[in-house]
Amino acid sequence: PIALSVAEREGRLRPGDRVLMAAFGGGFTWGATTLQWCRTRPR
């Protein structure tokens, strides 16, 4: 979430961009998801 906030603030994310988020844990635990970025708050 922090990296997404920084990227949005720096203008590197635009509405319609696709974002891949992956996470890794101990052992063989992992997860991933994709989403389409959209602006939900006014500037």
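Numbering (my numbering), first residue to last: 633 to 675.
Ideal placement from N, C-alpha and C gives every residue a C-beta, glycine not left out.
Under the assumption that R671 contacts P647 (Cβ atoms under 8 Å), give the Cβ distance between them as a whole number of angstroms. 5 Å
Using DSSP with H/G/I as helix, E/B as strand and the rest coil, what is R641? helix
Find the nearest neighbour of L667 within the set R644, F656, D649, judged by alpha-carbon distance. D649
Between A654 and A664, how many whole angstroms is the CB-CB distance? I'm expecting something under 8 Å. 4 Å
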